[in-house]
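Student: First the structure, which I've put down as structure tokens, then a few questions once you've had a look.
In the numbering used here, the protein residues as written are -19 to 151.
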């Protein structure tokens, strides 16, 4: 398996109990369905783990991993990302996209002002927020109707109509 084919789907937020279970948070929604996952700081150093059991718990998942049987061994995974192979991602409907598809997309305003590139997608509960870094510094744009004008995943471009006060003046 080529580690370039891994995509981050979540992170290990902590440990749960004394038997080596980890608490995991995931980007997006839906049930946890994977039998194997990769865990590491980045795809290159990610190790393959077999999932013995996963259960929903207070907005996160408690995961029992094969080979992780003590709290101390689970602690070593805290803060690491959870990856799966891209081919395991569920198919999307028309107009849907994965957060990872947005990273690196060039963002301009509907007036032609270059804002920079999307560096992160922040899920806030009510709507996602795009973190854009460029010549104006860091700009946060809500991913809501009326602000997102045109998204072209294939061309890696996004046109936005920012709400008043969101884009700094100058430069």
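Ideal Cβ placement from N, Cα and C applies to all residues, glycine included.
The model shown is predicted, which means the values in this text are computed figures rather than measured ones.
#1: Could you work out which residue in 107, 85, 114, 127 is closest to residue 134 when comparing CA atoms only?
#2: Excluding the 5 residues preceding and the 5 following residue 30 in the sequence, name in chain order all residues of the same chain whose CB lies nearer than 6 Å to its CB.
#3: Using a Cβ-Cβ cutoff of less than 8 Å, which residues in the same chain neighbour residue 126 once the five nearest sequence positions on both sides are dropped?
#4: Taking C-alpha atoms, which residue in 103, 89, 88, 94 lies nearest to residue 80?
#5: Any idea which residues DSSP pairs residue 114 with across the strands?
#6: CA-CA distance, residue 128 and residue 93?
#7: Pull the bridge partners of residue 12 from the DSSP assignment, please.
#8: May I ask which residues mark the beginning and end of the beta strand (DSSP E) holding residue 86?
#9: With H, G and I counted as helix, E and B as strand and the rest as coil, what does DSSP make of residue 78?
#10: By Cβ distance below 8 Å, which residues in the same chain neighbour residue 89 in space, the five residues on each side in sequence not counted?
#11: Specify the secondary structure class of residue 124 as computed by DSSP and reduced to three states.
#12: Measuring only the C-alpha atoms, how far is residue 71 from residue 53?
#13: What separation, rounded to the nearest whole angstrom, lies between the Cα atoms of residue 82 and residue 121?
#14: Measuring alpha carbon to alpha carbon, tell me which residue in -14, 60, -17, 14 is nearest residue -6.
#15: If we count the other Cβ atoms within 10 Å of its Cβ and call it buried at 16 or more, is residue -16 buried or exposed?
Tutor: Straight from the coordinates:
#1: 85
#2: Taking C-beta separations shorter than 6 Å and ignoring five residues to either side along the sequence, the partners of residue 30 in its chain run 16, 46, following chain order.
#3: 141
#4: 103
#5: DSSP, once it has assigned bridges, lists 117 as partnering residue 114.
#6: 14 Å
#7: DSSP output for residue 12 lists no bridge partner at all.
#8: For residue 86, the enclosing beta strand (DSSP E) stretches over residues 86 to 89.
#9: coil
#10: 95, 139, 140, 141, 142, 147
#11: coil
#12: Distance between the alpha carbons of residue 71 and residue 53 is about 35 Å.
#13: 13 Å
#14: The residue with the shortest Cα to Cα distance from residue -6 is 60.
#15: exposed
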